[in-house]
Amino acid sequence: MFQEYKPTWMVSAIYQITPEQLKKHGIKAVLTDLDNTLIAWNNPNGTEELRHWLKQMDAAKIPVVVVSNNNHERIAHALAPFGLDFVARALKPFSRGIKAGYQKLGMKKEDVVMVGDQIMTDIRGANRAGVKSILVKPVVATDGWNTRINRFFERKIMKHLQKNNPDMKWQGELND
Numbered sequence: 001m002f003q004e005y006k007p008t009w010m011v012s013a014i015y016q017i018t019p020e021q022l023k024k025h026g027i028k029a030v031l032t033d034l035d036n037t038l039i040a041w042n043n044p045n046g047t048e049e050l051r052h053w054l055k056q057m058d059a060a061k062i063p064v065v066v067v068s069n070n071n072h073e074r075i076a077h078a079l080a081p082f083g084l085d086f087v088a089r090a091l092k093p094f095s096r097g098i099k100a101g102y103q104k105l106g107m108k109k110e111d112v113v114m115v116g117d118q119i120m121t122d123i124r125g126a127n128r129a130g131v132k133s134i135l136v137k138p139v140v141a142t143d144g145w146n147t148r149i150n151r152f153f154e155r156k157i158m159k160h161l162q163k164n165n166p167d168m169k170w171q172g173e174l175n176d
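Using the UniProt record's numbering, the letters of the sequence shown map in sequence onto residues 1 to 176.
This is how it looks when you write it as structure tokens:
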């Protein structure tokens, strides 16, 4: 039952994922959650680390598309400085938004990875869409009120998953 929450990989931060690692695994594009994955939920300005990572992806011709449950206005405002494309109201954990993300790029599900900080929305949605996934630690330790509820259940699910899947450990990069 909990296997639908199991990520393909667990990496401490999205910024540790390199174009070389992605290409090694046949990944041609990154779909990513917005809040607490790409930027802090309460600070939409982003960091220099984010700008550097986006430049790396751009130089390697790996497109990055944000797939978020937020509304269009919130995402457009947060992403304006970065020029990223996005899918709003993705309805994760359903697969609709993730499918829209890779279809927007003209790619197949095998070509993309979904990166997110929540197993109940991002990872479960990726698994439902048949897409590889990367769980990252939240950018900041706090969450919006609606996410705090999910975090309570996530701790229980993660404990179960890690007990039954000893390979589920935080890594510094995508491992085999």
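Glycine included, every Cβ here is placed at the ideal spot set by N, Cα and C.
Values in this document were obtained by computation on a predicted structure and should not be read as measured data.
Could you name the residues that DSSP lists as bridge partners for residue i?
i	result
Leu-31	Val-65 and Met-114
Met-10	Leu-135
Whose CA, out of the options, lies closest to the CA of residue i?
i	options	result
Ile-27	Val-139, Leu-38, Met-57 and Phe-86	Met-57
Lys-55	Leu-84, Asn-164 and Arg-74	Leu-84
Thr-67	Pro-138, Met-114, Leu-161 and Gly-130	For clarity, residue 67 is Val in the given sequence; the question names Thr instead. Nearest C-alpha to Val-67: Met-114.
Val-139	Ala-126, Gly-97, Phe-2 and Val-11	Val-11
Lys-108	Glu-49, Glu-4 and Leu-31	Leu-31
Ala-88	Ala-80, Lys-24, Phe-82 and Gly-97	Gly-97
Ile-39	Lys-6, Ala-90, Gln-16 and Leu-79	Leu-79
Phe-82	Asn-150, Leu-50, Leu-161 and Phe-94	Leu-50
Lys-137	Asp-35, Phe-2 and His-25	Asp-35
Val-65	Asn-45, Glu-48, Lys-156 and Lys-99	Lys-99
Ala-13	Lys-24, Asp-33 and Asp-167	Asp-33
Lys-169	Phe-152, Ile-134, Val-112 and Arg-124	Ile-134
Could you give the first and the last residue of the continuous beta strand (DSSP E) run that contains residue i?
i	result
Met-168	Per DSSP, Met-168 belongs to no beta strand (DSSP E) and is neither H nor E.
Asp-85	85-87
The alpha helix (DSSP H) with residue i in it runs from where to where?
i	result
Lys-104	96-104
Lys-24	19-24
Lys-55	48-59
Gly-130	Counting along the chain, Gly-130 falls outside any alpha helix (DSSP H), and DSSP gives it neither H nor E.
Glu-73	72-79
Just mark residue i as buried or exposed, buried being the case when its beta carbon has 16 or more other beta carbons within 10 Å.
i	result
Glu-73	exposed
Glu-20	exposed
Asn-70	buried
residue 179	A query on residue 179 cannot be resolved here, the shown segment of the chain reaching from 1 to 176 and no further.
Gly-106	exposed
Ala-76	exposed
Lys-132	buried
Gln-118	buried
Gly-116	buried
Glu-173	exposed
Gly-130	exposed
Ile-123	buried
Phe-86	buried
Should residue i be flagged as near chain D, meaning a C-beta pair shorter than 9 Å?
i	result
Arg-51	Considering every chain present, this structure includes no chain D. It has just one protein chain.
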